[in-house]
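A.B. asks: In terms of this note's numbering, the sequence shown opens at residue 12 and continues consecutively.
I'd like to ask some things about the structure below.
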Amino acid sequence: MARCSGAARRAALLLAAAALLAGLGGAAALDPDEQAVQQMLRGMLEVAEEINTGKEVESRVSAMAAPANLDSVNASDIQAKLFASAVVTWQLGVWDSPYNKGLIPKKMLFYDLVHYYQVPEKPIGTLVMFHGCYHDASGSWPYHPKHCRECLGLPEEALAHGFAVLAVESRNRSRKGRCFSSGTDPMTSDQWTAPYTIQNFLYETGLQNLPVYTLGISAGAAFATKVIKNFWDPNFGGIIKPAGIISEVNAPSSWRSWGLEGKDGKLKFPDFPPVAFIAMERDNRTFNRILDRIQDLRRFNVPADYIMVKSRPVDRLWFYNRSPVITARQSAEIVRAMKRLGFLDADGNLKYDPRIGALTDNNPLAKWNRKLVGRVDWLHMSPSKAPMLSVLSDRSTIFEEMNVAWAYHEGVADHMVPCLMWLRSGGELDLKYLARKLGVDRLRDLTMKRVHWKPPPPPPRPSAKRRPPPPPKKRPPPPAPRKRPPPQKKARRAME
Numbered sequence: 012m013a014r015c016s017g018a019a020r021r022a023a024l025l026l027a028a029a030a031l032l033a034g035l036g037g038a039a040a041l042d043p044d045e046q047a048v049q050q051m052l053r054g055m056l057e058v059a060e061e062i063n064t065g066k067e068v069e070s071r072v073s074a075m076a077a078p079a080n081l082d083s084v085n086a087s088d089i090q091a092k093l094f095a096s097a098v099v100t101w102q103l104g105v106w107d108s109p110y111n112k113g114l115i116p117k118k119m120l121f122y123d124l125v126h127y128y129q130v131p132e133k134p135i136g137t138l139v140m141f142h143g144c145y146h147d148a149s150g151s152w153p154y155h156p157k158h159c160r161e162c163l164g165l166p167e168e169a170l171a172h173g174f175a176v177l178a179v180e181s182r183n184r185s186r187k188g189r190c191f192s193s194g195t196d197p198m199t200s201d202q203w204t205a206p207y208t209i210q211n212f213l214y215e216t217g218l219q220n221l222p223v224y225t226l227g228i229s230a231g232a233a234f235a236t237k238v239i240k241n242f243w244d245p246n247f248g249g250i251i252k253p254a255g256i257i258s259e260v261n262a263p264s265s266w267r268s269w270g271l272e273g274k275d276g277k278l279k280f281p282d283f284p285p286v287a288f289i290a291m292e293r294d295n296r297t298f299n300r301i302l303d304r305i306q307d308l309r310r311f312n313v314p315a316d317y318i319m320v321k322s323r324p325v326d327r328l329w330f331y332n333r334s335p336v337i338t339a340r341q342s343a344e345i346v347r348a349m350k351r352l353g354f355l356d357a358d359g360n361l362k363y364d365p366r367i368g369a370l371t372d373n374n375p376l377a378k379w380n381r382k383l384v385g386r387v388d389w390l391h392m393s394p395s396k397a398p399m400l401s402v403l404s405d406r407s408t409i410f411e412e413m414n415v416a417w418a419y420h421e422g423v424a425d426h427m428v429p430c431l432m433w434l435r436s437g438g439e440l441d442l443k444y445l446a447r448k449l450g451v452d453r454l455r456d457l458t459m460k461r462v463h464w465k466p467p468p469p470p471p472r473p474s475a476k477r478r479p480p481p482p483p484k485k486r487p488p489p490p491a492p493r494k495r496p497p498p499q500k501k502a503r504r505a506m507e
């Protein structure tokens, strides 16, 4: 598909509007109808301009403002026709936005599964990604009508930072599953198919001599920590061994189930790679498990550490800052509706877990996504529509970012670079210091623009504590005052 310039997009929108006006009656169209179309079109043009340039214009939400003379026109009918005429052109601004530019995956068929990958120029290594349950390998790239219609554009799971990226598909393709399996059944387990898929990809792309790192999210994280063992198997010849693991919001349930310790009490794999864990503030059970596994790894001198992701308030630009496909105005309108629906407290914090709230009753966020669609009519819950403005669970940027704000159980891209840099150092750098220096909160700024790696400045050394001055020497007590002799009595003069 040829890239369209801003002028071409505007022309297409104007043509769509002209066709719509003709459908409404052309020259005989009523002035109020014509005025409503112009106002809606102006709002759409402003939103498209904001997406295409990446720059926020005025802070008002004119795209969602009521059209003029609302009482004399069928605004909903005009809006539906206008959106239907221009939606394809509007979407061009989304998949051709400067933030998504260049993020187009290729597909590799292996073991009857479609895996997705992308190799930048002069890669420095490979990042292998394992998705969580109810997700797919395609979820790591933005939606595109030509190159990847099945892609979801979940920004939390897409980051190319000088690494070739391979997203492996799980064997389980059931609609309510799609989890990676570490079981022993060769017909269902991913424990052997995944390593062979990785090995085949590396040799096909000529990347076998560069470092390999793995990233897993949720169930994919538990799998990422366990599948590494298979690369030490004689079948792989010991040629390809991952150099580090990033485990997001999960860890093996027990040290024994991990299978790293031999009967002799020694580590089976002496050069087992460093592991960076990412935990979330409200997920205490997983965090305690992560702490236990870190202690186990350190007992065998394997570098391991964690980064804590804390809950965050949902302000008016929350969705805009976290996603390249949501404009500032759209974000402001979504957050305004959430406040009116009672989802947020006075400080902008979510009142309840959005993942559970979407499925239950009797809580502040009960069926929140359905309520939000009822209040903001340009959002949707249709799996057949493009996902940019969807609020479906596990298929929506908006839903994912609600989970991130709540900070219970969700994958995040905020600390991808700190984790990779820590792994590249062999776990010798300070992971928490890297997270403070290199972590990102505004994910829409992440692009394919190449970043050349260099070690960050070392953390400042704690200032040497000055020795307290020695206590003053005790002065000897002053000499006791000499007792004066009693005054002599005046000698009486002898009486003559």
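Think of the CB as a built atom: it goes at the ideal place given N, C-alpha and C, for glycine as much as any other residue.
1) Given a cut-off of 8 Å on the beta-carbon distance, is the pair Leu403 and Asp316 in contact?
2) Which ranges would you report for the beta strand (DSSP E) in the region 108-154 if only whole runs of at least 3 residues count?
3) Taking the continuous beta strand (DSSP E) assigned at Gly276, which residues delimit it?
4) So Val313 packs on Phe283, CB below 8 Å; how close in whole Å?
5) Please return the same chain residues whose Cβ sits closer than 6 Å to the Cβ of Gly249, not counting the five positions on each side in sequence.
6) Taking contact to mean at least 3 C-beta pairs separated by less than 8 Å, is the region 340-350 in contact with the region 420-429?
7) Could you name the residues of the same chain whose beta carbon sits closer than 8 Å to that of Ser229, not counting the 5 residues immediately before and after it, in chain order?
8) With a threshold of 6 Å on Cβ separation, who are the neighbours of Glu168 within its own chain once the five nearest residues in sequence on each side are excluded?
9) What distance in whole Å lies between the Cβ atoms of Leu221 and Pro134, which are believed to be in contact at a cut-off of 8 Å?
10) Taking a contact to mean a Cβ-Cβ separation below 8 Å, would you say Ala175 touches Thr137 in this structure?
11) Answer yes or no: the CB of Arg327 versus the heavy atoms of the ligand PLP, is any distance below 7 Å?
12) With a threshold of 8 Å between beta-carbons, can Arg323 be considered close to chain E, or not?
13) Determine the direct distance from the alpha carbon of Asp452 to that of Lys362, and round the result to whole angstroms.
14) Find out if the Cβ-Cβ distance for the pair Cys235, Trp433 is shorter than 8 Å.
15) Output the distance between the C-alpha atoms of Thr458 and Lys112, rounded to the nearest integer angstrom.
16) Please name the residue in Glu344, Ser264, Pro285 whose C-alpha comes closest to that of Val387.
17) Could you pull the start and end residues of the beta strand (DSSP E) that Tyr317 belongs to?
18) By DSSP, does Met427 sit in helix, in strand, or in coil?
19) Quick one: using the 10 Å Cβ neighbour count with 16 as the cut-off for buried, is Leu509 buried or exposed?
20) Closest to Val415 by CA distance: which of Arg435, Ile289, Tyr122 is it?
21) With a floor of 3 residues, list each beta strand (DSSP E) that falls wholly inside the region 306-384, ordered by position along the chain.
22) Answer yes or no: do Phe508 and Gln210 have a C-beta to C-beta separation smaller than 8 Å?
23) Look up Ala397 in the DSSP assignment and say whether it is helix, strand or coil.
24) If I'm right that Phe141 touches Thr225 with Cβ under 8 Å, what's the distance once you round it to whole angstroms?
25) Could you tell me the boundaries of the alpha helix (DSSP H) in which Phe410 lies?
26) What residue range is occupied by the uninterrupted alpha helix (DSSP H) comprising Ser268?
27) Buried or exposed for Met427, going by 16 or more other Cβ atoms inside 10 Å?
28) Could you spell out the range, first to last residue, of the alpha helix (DSSP H) harbouring Thr208?
29) My understanding is that Met392 touches Arg381, with C-beta atoms under 8 Å, so please give their C-beta distance in whole angstroms.
30) Can Ile409 and Phe330 be called in contact, C-beta distance under 8 Å?
31) Shortest alpha-carbon distance to Pro245 belongs to which of Tyr207, Pro335, Cys430, Ile301?
32) So which of Ser322, Cys159, Phe354, Gly194 has the shortest CA-CA distance to Ala397?
33) Let's see if you can read the secondary structure: which residues bound the alpha helix (DSSP H) around Gly231?
34) Below 6 Å CB to CB, which residues in the same chain sit around Val139 once its five sequence neighbours on both sides are set aside?
35) By a C-beta neighbour count over all protein chains shown, 10 Å radius and 16 as the cutoff for buried, is Trp389 buried or exposed?
36) Check Ile251 in the structure and name its three-state DSSP category.
C.D. replies: On the basis of the supplied data:
1) Not a contact, by the Cβ cut-off of 8 Å.
2) Those beta strand (DSSP E) runs which fall completely within the region 108-154 and span 3+ residues are 117-121, 124-129, 137-141.
3) Element bounds for Gly276: n/a, residue is neither H nor E.
4) With 8 Å as the limit, Val313 and Phe283 qualify as a contact, their Cβ atoms being about 5 Å apart.
5) Cβ neighbours of Gly249 beyond the five flanking positions: none.
6) Touching, no, given that fewer than three Cβ pairs across the two stretches are closer than 8 Å.
7) Gly143, Cys144, Glu259, Val260, Asn261, His420, Gly422, listed in sequence order.
8) For Glu168, the pLDDT reaches just 45, beneath the cut-off of 50, and the residue's location in the model is therefore unreliable, leaving the point undetermined.
9) The Cβ separation is near 7 Å, so the contact holds.
10) With contacts defined by Cβ atoms closer than 8 Å, Ala175 and Thr137 form a contacting pair.
11) The model depicted lacks the ligand PLP and carries no ligand whatsoever.
12) Although the question refers to chain E, the structure presented lacks it and comprises just one protein chain.
13) Taking C-alpha positions only, Lys362 is separated from Asp452 by approximately 22 Å.
14) This sequence places Ala at residue 235; Cys is not what is there. Using a Cβ distance threshold of 8 Å, Ala235 and Trp433 do not count as a contacting pair.
15) One C-alpha to the other measures close to 7 Å.
16) If we check each option's Cα against that of Val387, Glu344 comes out closest.
17) In the DSSP assignment, Tyr317 falls within the unbroken beta strand (DSSP E) covering 315-320.
18) Here Met427 carries a helix assignment [DSSP, helix/strand/coil].
19) Because the chain spans 12 through 507 in this model, residue 509 falls outside it and cannot be assessed.
20) It is Ile289 whose Cα lies nearest to the Cα of Val415.
21) Annotation: the region 306-384 contains the following complete segments of the beta strand (DSSP E) (minimum length 3 residues), in chain order: 315-320.
22) Examination of residue 508 is not possible in this model, given that the chain is present from 12 through 507 alone.
23) DSSP, reduced to helix, strand and coil, places Ala397 outside both helices and strands of the structure shown, so it counts as coil.
24) About 7 Å separates the two Cβ atoms, so the contact holds.
25) Residue range 408-417 is occupied by the alpha helix (DSSP H) that includes Phe410.
26) DSSP places Ser268 inside the alpha helix (DSSP H), whose first and last residues are 266-269.
27) Counting the other CB atoms within 10 Å of its CB gives Met427 a total of 16 or more, which places it among the buried residues.
28) Secondary structure note for Thr208: its alpha helix (DSSP H) is the uninterrupted segment 204-216.
29) In this structure Met392 touches Arg381 by the C-beta definition: roughly 7 Å separates them, less than 8 Å.
30) Yes; because the gap between Cβ atoms is below 8 Å, this pair is in contact.
31) For the set Tyr207, Pro335, Cys430, Ile301, the Cα lying nearest the Cα of Pro245 is the one of Tyr207.
32) Distances from the CA of Ala397 to each of Ser322, Cys159, Phe354, Gly194 were compared; the closest alpha carbon is that of Cys159.
33) Per DSSP, Gly231 is one residue of the alpha helix (DSSP H) stretching across 230-238.
34) Sequence-distant partners of Val139 (beyond 5 residues in either direction) whose C-beta falls short of 6 Å from its own C-beta, in its chain, are Leu177, Ile209, Thr225.
35) By the 10 Å Cβ count, Trp389 comes out exposed.
36) It is coil, neither helix nor strand.
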